[in-house]
Every structure is written in C-alpha cells, then in structure tokens.
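K.L.:
2 protein chains.
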Amino acid sequence: MPRNREEVRRRLMEAALELYQERGYEQTTAAEIAQKAGVTERTFFRHFPDKREMFFHGETALGEMLTAAVRNAPRELGPWETLFKAFRSAEKLFIENRHVSEPGRRIVAASPALQERQAAKVNSLTEALAAELRERGVAARRASLIAKIGMAVLAHAVASWLDGGSQELDDHLVQAFEDVSDLSAFNVTRFAETAEPQLRTDS
Amino acid sequence: MPRNREEVRRRLMEAALELYQERGYEQTTAAEIAQKAGVTERTFFRHFPDKREMFFHGETALGEMLTAAVRNAPRELGPWETLFKAFRSAEKLFIENRHVSEPGRRIVAASPALQERQAAKVNSLTEALAAELRERGVAARRASLIAKIGMAVLAHAVASWLDGGSQELDDHLVQAFEDVSDLSAFNVTRFAETAEPQLRTDS
DNA sequence: GTAGTATTGTCAGTGACTGACGATAAGCGT
DNA sequence: ACGCTTATCGTCAGTCACTGACAATACTAC
Chain P
-9 MPRNREEVRR RLMEAALELY QERGYEQTTA AEIAQKAGVT ERTFFRHFPD KREMFFHGET
51 ALGEMLTAAV RNAPRELGPW ETLFKAFRSA EKLFIENRHV SEPGRRIVAA SPALQERQAA
111 KVNSLTEALA AELRERGVAA RRASLIAKIG MAVLAHAVAS WLDGGSQELD DHLVQAFEDV
171 SDLSAFNVTR FAETAEPQLR TDS
Chain X
-9 MPRNREEVRR RLMEAALELY QERGYEQTTA AEIAQKAGVT ERTFFRHFPD KREMFFHGET
51 ALGEMLTAAV RNAPRELGPW ETLFKAFRSA EKLFIENRHV SEPGRRIVAA SPALQERQAA
111 KVNSLTEALA AELRERGVAA RRASLIAKIG MAVLAHAVAS WLDGGSQELD DHLVQAFEDV
171 SDLSAFNVTR FAETAEPQLR TDS
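So the sequence lines, in the order shown, correspond to chains P and X.
Start counting the first sequence at -9; every next residue gets the next number (our numbering).
Start counting the second sequence at -9; every next residue gets the next number (our numbering).
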C-alpha cells in the first residue's frame, strides 16, 4: 500500500475507468474500485469527495482556462466577442483531452447520475463566466444571459465535434456562433405584434 | 393510515416542504418526512422514486405544455419563432406556479443535490424540444442548437422574473429574445479574421 | 359480508458516504 | 542506523438513501 498521494489517485482512476467500461457505472461499487487499486474503500473517499466526481477533473482545468481567457481578453471587446475569443483559445485543451472525453462521454451518457453532475458542472462554469463578464463591466443581467447562451453554443460545438467526423472543433465553434447571428433575422417586436391579431383591430 | 394515493402523496409533499424550510433539505431524512405524513419510509419511496424528485413535479406539466405548443405551432414558423411563441404561451403556467417555484427556488439554491437534479431536468426538456423541432423538419444539429439557446433564454427570463420586482414574465421573455437578436451585430467571420493579425500581412 | 385488488407495513439488505481512532509508511534530523 | 514527526492509510461503527420480498390491511365491487 503506497503512500504517494498522486500515485494512489492515478491508480484509482485507472481501476475505475476499467470497471466502468466492463460493467457500467451503476454496477460498480466504490469498494470494488478501491480493491482493484489496492486500497480500502475509505481511502477512495479520501481522494474523491464522491463516486461521480472522478469523471470531472479535466473540466476543472477547462474552467480555469476559460475564466482566465475571459479575464485577460482585450478591454475593448464586448462580452459576446470576449466569449468567442475565449472559447477559441481553449481549443487546444479540448483536443488534448479528447482521448479522455471521448470514451467518458459514453459512460456519462449511460448514467443519469453522471449526467446530473455534468449538467451542474456546466452551470457552475456558466456562472463563473458570467462573474468574469461582470468584472469587465457588463451589466449583471446581460452578463448572465450572454454566459448562458455562450455555454450553450460551446456545449453544442463540442458535442458536434465529438460526435461528428473530420471537422475541426474551431469550425464547429465558428459555425455555431454564425448560427446564433442568423437568429437575429427574426425581429421579436414585430413578430410579437403580428402574432396575436385578435388583440389588434387594424389588419 | 389512509390508502388514498393522491391524499398520501399530498401529505408527503406538505410534510417535506415544512421540514425542508425548518432544517433544510440535507438535514431532513426521508424517514422523518414519512413519519410526519403518517406513513412509513417505504411508502415514501413508493410515491417518489427518490428524495429529490419531490421538487420537480410542476416541471413535468411545463414540459408537456411546451412540447405540445411546439408541436402545434403553425407550420410556416421557423424554429426560433416557434420557440418564442411556445414560451409565451406557457406564461400562464409559470404565473400559476409562482407561489410554488418562488420558495422552492431558495431550497434548491441551497442544495447542490437539488441543483444537479434541476439542471438535468432542464437538459431533458431541452432535448424534448429539440426532438419536436426535428419533427417539424428542422435539421438535427440546428434543432439541437436552437433548443439549447432557447432554453437558456427561457431560464434566464424566468430567473429574472422570479428575482426581479414588478415586471411581467412576458416582458422579460421579449427582452431576452431581443438581446439575442442584438448579438447578431457581431460578425463572426470578419472578427475571426481580424482578431489574429499576426497571421495576416495586410493592415 | 365476502372476495379481489390496491396500498401499506415490516424486515432484511446493499451501497454511498462519514467520523473517530489506531497503525504504518515516508521524510528528516542526528 | 535510529528515533521523531507527519501525512496517509486501515479498521470499525454508524447514518441514510433506496430496494426486494412477503405479510397485513384498507378499499371496492358484488
């Protein structure tokens, strides 16, 4: 039983990934993972706050990277441009972690508990980005909305990239941001007026 | 010990809400809720699949309402207009449930476990909306992106409405959709080119 | 009132997670 | 090589969410 923290942690993650791929996440107990890694169940929970958290460690680095990118973006950029630039600057991180997130995606997709945790992680990252935008002087409400939309766009681009074939992540990102721009062809106010003719007398 | 299903369910929810507001969600056990409602812990879990699920029953009706609204929207409407119309048509449901979602919001905000469940619920509703858009002939990828952005906008509008003071939900919704339209002033392609001047020789 | 069905109670058990405390390995000075 | 300190680990006991199996009980129709 080694006492090197990182070593034990690494072995726990390896053991967990193997067992998850064999029997699936729900069919694997923390005790089994610990045993395969050569430690006790108690030790497992000293390294990870809970069973789900093992999956979301690359995302910690991603969050720090994105918030830093927003913080360090040129002052003159608006919030939307800032997010676009920040997302693009993180492309390398996604590519480097693809060999982890690719198989992890299947496991997460098969487990409601993991999906919940992932959704929560996305939310907290969204709020972190909104906070950074606020630091840059964006009004609170606007910062929150733009962060939400931005993360939705990012999540969509990454998902398309992981699912899809040969296209680059950056292409998916640019495409998704362009799709958002296309949404503006829709004039809300005019639509709102014409959509409920029963409330108007003229035409 | 009554054997009327709805009656027992109602008493369980009442007991739960009271205890949650007293001691908080994590400090309340399922056994305590059941006891306060006059039944056994086992019965609690026959009425609710798990402890978190109690909170998200109004959202079931909301999901059905929204998906139906999308399904029944005029054929000629584009996906974005369809969502806008669908969201507006659900305003009454939100207003009717405000007395429930308003205090429930504080409890959820104080509990990571409940936040995770809520985020997952939002995700599944998002996918349901994307599926409805696909049924209307929208390309799969585009449907997914628009549903995500739409739900982000809706969530933002509802949150602003619950937080904020006197403004109507509909005003928040219209405002949020307009904010999205304003995002289009940003030309992605041109920005992408000019943003990395070190790669270009001219200017 | 009786038979049938739906709902509940009881019991035993699993698995995630935690606190407390003793044991042990690793690093360090001598 | 020897103790000393500290971080890490093992062991144990316990809580709580959740489940399966089966018996007990209330409701419902006849």
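Think of the CB as a built atom: it goes at the ideal place given N, C-alpha and C, for glycine as much as any other residue.
Mark X/Gln157 as exposed unless 16 or more other C-beta atoms lie within 10 angstroms of its C-beta, in which case mark it buried.
P.N.:
X/Gln157 is exposed by the Cβ-count criterion.
K.L.:
If we count Cβ pairs, one from each stretch, closer than 8 Å, do we get three or more for the segment 8 to 27 of chain P versus the segment 47 to 65 of chain P?
P.N.:
Result no; under three Cβ-Cβ pairs closer than 8 Å.
K.L.:
Could you work out which residue in X/Arg36, X/Phe77 and X/Phe167 is closest to P/Leu135 when comparing CA atoms only?
P.N.:
Ranking the options by Cα distance to P/Leu135, first place goes to X/Phe167.
K.L.:
Our contact map puts P/Arg61 next to P/Glu125 with C-beta atoms below 8 Å; I'd like the distance itself, whole angstroms only.
P.N.:
Their Cβ separation, rounded to whole angstroms, is 7 Å, which keeps P/Arg61 and P/Glu125 in contact under 8 Å.
K.L.:
Tell me, please, whether the CB atom of P/Val170 is closer than 7 Å to any CB atom in chain X?
P.N.:
Yes, P/Val170 lies at the interface with chain X (some Cβ there is under 7 Å from its Cβ).
K.L.:
Between X/Glu66 and chain P, is the shortest Cβ-Cβ distance under 7 Å, so that the two count as touching?
P.N.:
No - not a single Cβ of chain P is within 7 Å of the one on X/Glu66.
K.L.:
Closer than 8 Å between beta carbons: that is the criterion. Which residues of the segment 99 to 112 of chain P meet it against chain X?
P.N.:
Of all residues in the segment 99 to 112 of chain P, Pro102, Gln105, Glu106, Arg107, Ala109, Ala110 and Val112 have a Cβ within less than 8 Å of some Cβ in chain X.
K.L.:
Count the other CB atoms, across all protein chains shown, that sit within 10 Å of the CB of X/Glu(-4); report buried if there are 16 or more and exposed otherwise.
P.N.:
Classification of X/Glu(-4): exposed, given that the 10 Å Cβ count is below 16.
K.L.:
Distance, Cα to Cα, P/Glu106 vs P/Asn113?
P.N.:
The alpha-carbon atoms of P/Glu106 and P/Asn113 are separated by roughly 11 Å.
K.L.:
Between P/Ala103 and the rest of its own chain, which residues show a CB-CB distance below 7 Å, the 5 nearest in sequence each way excluded?
P.N.:
Here the set comprises Arg42.
K.L.:
Taking C-beta pairs closer than 9 Å, name the residues in chain P that X/Ser174 reaches, listed in chain order.
P.N.:
Simply Val170, Ser171, Asp172, Leu173, Ser174 and Ala175.
K.L.:
Give me the chain P residues within the contact set of X/Trp70, using Cβ-Cβ distance strictly less than 8 Å, ordered along the chain.
P.N.:
The contacting residues are Leu173 and Phe176.
K.L.:
Please report how far the alpha carbon of P/Gln17 lies from the alpha carbon of P/Arg95, in whole angstroms.
P.N.:
Near 17 Å, if we compare the C-alpha coordinates of P/Arg95 and P/Gln17.
K.L.:
Can you list, in chain order, the residues of its chain whose CB lies under 8 Å from that of X/Asp192, leaving out five sequence neighbours each side?
P.N.:
Low confidence applies to X/Asp192: its pLDDT is 46, below 50, so where it sits in the model is not reliable enough to give any reading.
K.L.:
With DSSP as the reference, label X/Val29 as helix, strand or coil.
P.N.:
Here X/Val29 sits in coil by DSSP.
K.L.:
Can you tell me whether P/Arg190 is helix, strand or coil according to DSSP?
P.N.:
Note that P/Arg190 has pLDDT 41, beneath the 50 cutoff, so the model's placement of it is unreliable and the number below is only indicative. Residue state, collapsed to three classes: coil.
K.L.:
Alpha carbon to alpha carbon, how far is X/Gln25 from P/Ala59? Give it in angstroms, no decimals.
P.N.:
So the two alpha carbons sit approximately 52 Å from each other.
K.L.:
Could you name the residues of the segment 145 to 161 of chain X whose beta carbon sits closer than 8 Å to any beta carbon of chain P, in the order they occur along the chain?
P.N.:
The segment 145 to 161 of chain X vs chain P, Cβ under 8 Å: Ala145, His146, Ala149 and Ser150.
K.L.:
Please give me, in chain order, every unbroken run of the alpha helix (DSSP H) with length at least 4 that falls completely inside the segment 32 to 84 of chain X.
P.N.:
Complete alpha helix (DSSP H) runs here, min 4: 48 to 61 and 69 to 79.
K.L.:
Here's the rule: buried if 16 or more other CB atoms are within 10 angstroms of the residue's CB, otherwise exposed. What is X/Ala204?
P.N.:
The structure shown does not extend to residue 204 of chain X, since chain X is modelled only from -9 to 193, so the question has no answer here.
K.L.:
From X/Phe84 to P/Asp160, what distance separates their C-alpha atoms?
P.N.:
Looking at the two C-alpha atoms, the distance is approximately 38 Å.
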